[in-house]
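Some notes on the structure that comes next.
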Amino acid sequence: MNYFISGIGTNVGKTIVSAILTEALHADYWKPIQSGTIDGRDSETVKSLISNVISNIYPEIYLLKEPLSPHFAAKIEGIEIELEKIQLPKKNNPSINTTSVEVKNRIIIEGAGGLLVPISKCKYVIDIAEKSDCEVILVISNYLGCINHSLLSINYLLENHFKIKALVFNGEFAPEVKQVIIEYSPHIATIEIPTLKEVSREYVLEVARTIKDKYFKLEQYN
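Its first residue numbered 46, the sequence shown is counted upward by one per residue in the working numbering.
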């Protein structure tokens, strides 16, 4: 099963969490829609932060310059994002140049922003998860309003029959904040990721090993 990484909002740490999970599971990584390429690409960030040689980093389907909602960034460039074109990656078969084979590694798919960020008319980021038949990992960070945003996101996923693999508490939280979120959905697994001392390959590897041992013991790398 592939995992779709979404968040309760923008700048909650989805890319760092994606890098940690990619490293922990020796999974592949893919961000199908990237806006804000003038500030860099998240796929490049993930590539720079993982240590294993098993993970593949797949190219984006849509690269948009402006750091805006994908539908708006696409409109500026005269592009319409088509959900139908967002297909799970295939990789080249090294023995046959003209064919491709299905990817066998688990794929960490990173969304853009939160669940209901629009990508085109009446289409939203979370539709990629549904189309790709993924379990959702919801990243939560601690800020004023995070409880409301978390509960709204969880409720939307449950009401629309998405399977939630885990809630990721990214960084430090007041116990009272975390308790409210967990009590709202006590059946959903939680993962705690500490605030990284620095964003580096070494710290990502250190946290990834802890995450693997604590939360993904029974999962295979491939």
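Quick reminder that beta carbons are idealized off the backbone N, C-alpha and C, glycines included.
Look at the alpha carbon of residue i and the alpha carbon of residue j, and state the distance between them as a whole number of angstroms.
i	j	result
K208	I126	25 Å
L109	Y103	16 Å
I98	L70	Checking the displayed sequence, the identity of residue 98 turns out to be Val instead of Ile. Each residue's Cα considered, the two are about 12 Å apart.
P115	G58	18 Å
K43	S88	With the chain covering only 46 through 267, there is no way to say anything about residue 43.
D172	K130	13 Å
L250	E68	7 Å
N193	V162	17 Å
F49	P112	21 Å
I95	A64	6 Å
K149	S177	14 Å
K210	E180	6 Å
P220	I227	10 Å
F218	I185	10 Å
G54	R151	25 Å
K223	E105	34 Å
G158	S51	7 Å
L189	S195	11 Å
S100	L202	28 Å
L212	V170	18 Å
S93	G123	31 Å
N200	K168	19 Å
I154	E204	22 Å
E237	L197	20 Å
N47	S245	25 Å
Once DSSP output is grouped into helix, strand and coil, what is the label at residue i?
i	result
D258	helix
S230	coil
S245	coil
T67	helix
I173	helix
V57	coil
K223	helix
L250	helix
V62	helix
Can you tell me whether residue i is buried or exposed? The criterion is at least 16 other CB atoms within 10 Å of its CB, across all chains shown.
i	result
H206	exposed
N215	buried
E247	exposed
I121	exposed
I83	exposed
R254	exposed
D258	exposed
G156	buried
T144	Below a pLDDT of 50, predicted positions are generally treated as unreliable, and T144, at 47, falls in that range; no measurement from the model is reported.
Q132	exposed
C191	buried
Just list the residues that DSSP pairs residue i with in beta bridges.
i	result
N215	S186 and I238
Y74	I102 and I153
F49	I154 and V181
I209	V181
S80	L109
In chain order, each beta strand (DSSP E) run of at least 3 residues that lies wholly inside the segment 84-168 = Qualifying beta strand (DSSP E) stretches, in chain order: 107-109, 135-137, 145-147, 152-159 and 163-165.
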